[in-house]
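Taking the numbering used here, I'd label the letters of the sequence shown as residues 624 to 784.
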Amino acid sequence: MIRTLQTGDTQALLEIYNYYVVNTVVTFDIEPLSFEVFQGKISSINAEYPFLVYEDQNEILGFAYGSKFRPKPAYNFSVESTVYIKHTAHGKQIGTQLYKALIGQLKQTEAHTVLGVLTIPNEASVKLHKKFGFKEVAHLKEVGLKFGKWHDVGIWQLKLH
């Protein structure tokens, strides 16, 4: 079931997120986030943007949210989309379900465009964005240094209106 973020979700979401911090280059955070820092982050996002959680049999298996793309006022109608799936729950279409719901909610806002910012290569994430009609609009070379290696970032765009 997909539902909105609840206060008691923080620890489960943090565990999903910190797995990716420690084991992958999907996020460019280098150190695991503390409960307090992560709670502040998701509370701030949830105050302004849709924040969805996928729960099955009382277990949180993923989450997706929109967030501010850049801080300058001219970007106020551009939203960055994010989705994380518990590493043991891939292949169940959870990301697809969360993205469908998130995009649906973003279409009900004043957002004009949604941007997916992906570490490249990332075949699963590229496939997900293509499925929803996102188009690659930028490929930034060697912009993130993690695990002693430079990584590329792709920006994928979906115009909502």
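Where is the CB? At the ideal position from N, CA and C, for every residue including glycine.
Taking T742 as the reference, give the member of N669, S657, D775, P673 with the closest Cα. By one-based count along the sequence shown, residue 742 stands at place 119. Considering only alpha carbons, the answer is D775.
Beta strand (DSSP E) runs contained entirely in the stretch 674-759, provided each spans 3 or more residues: Runs found: 674-679, 682-691, 701-708, 736-743.
Residue span of the alpha helix (DSSP H) that contains I668, given as start and end: Position 45 of the sequence shown, counting from 1, holds the residue named residue 668. 658-671 is the span of the alpha helix (DSSP H), which, as asked, contains I668.
Check whether the stretch 645-652 touches the stretch 661-673, counting contact only when three or more Cβ pairs, one atom from each stretch, lie closer than 8 Å. no
Hey, F686 and L636: beta-carbon distance below 8 Å or not? For this step, residue 686 is matched to residue 63 along the sequence shown. For this step, residue 636 is matched to residue 13 along the sequence shown. Cβ atoms of F686 and L636: closer than 8 Å.
On the DSSP bridge list, what partners appear for L781? Mapped onto the sequence shown, residue 781 falls at position 158. The partner list for L781 (beta bridge, DSSP) reads V737.
Does the contact criterion of 3 or more C-beta pairs under 8 Å hold for the stretch 705-722 versus the stretch 751-764? Yes, they touch.
Under DSSP, the beta strand (DSSP E) around T633 begins and ends at which residues? Along the sequence shown, one-based indexing puts residue 633 at 10. Unbroken run through T633 is the alpha helix (DSSP H), 633-646; no beta strand (DSSP E).
Exposed unless 16 or more other CB atoms sit within 10 angstroms - verdict on V706: Taking the sequence shown and counting its residues from 1, one reaches residue 706 at position 83. When all chains shown are included, V706 counts as buried.
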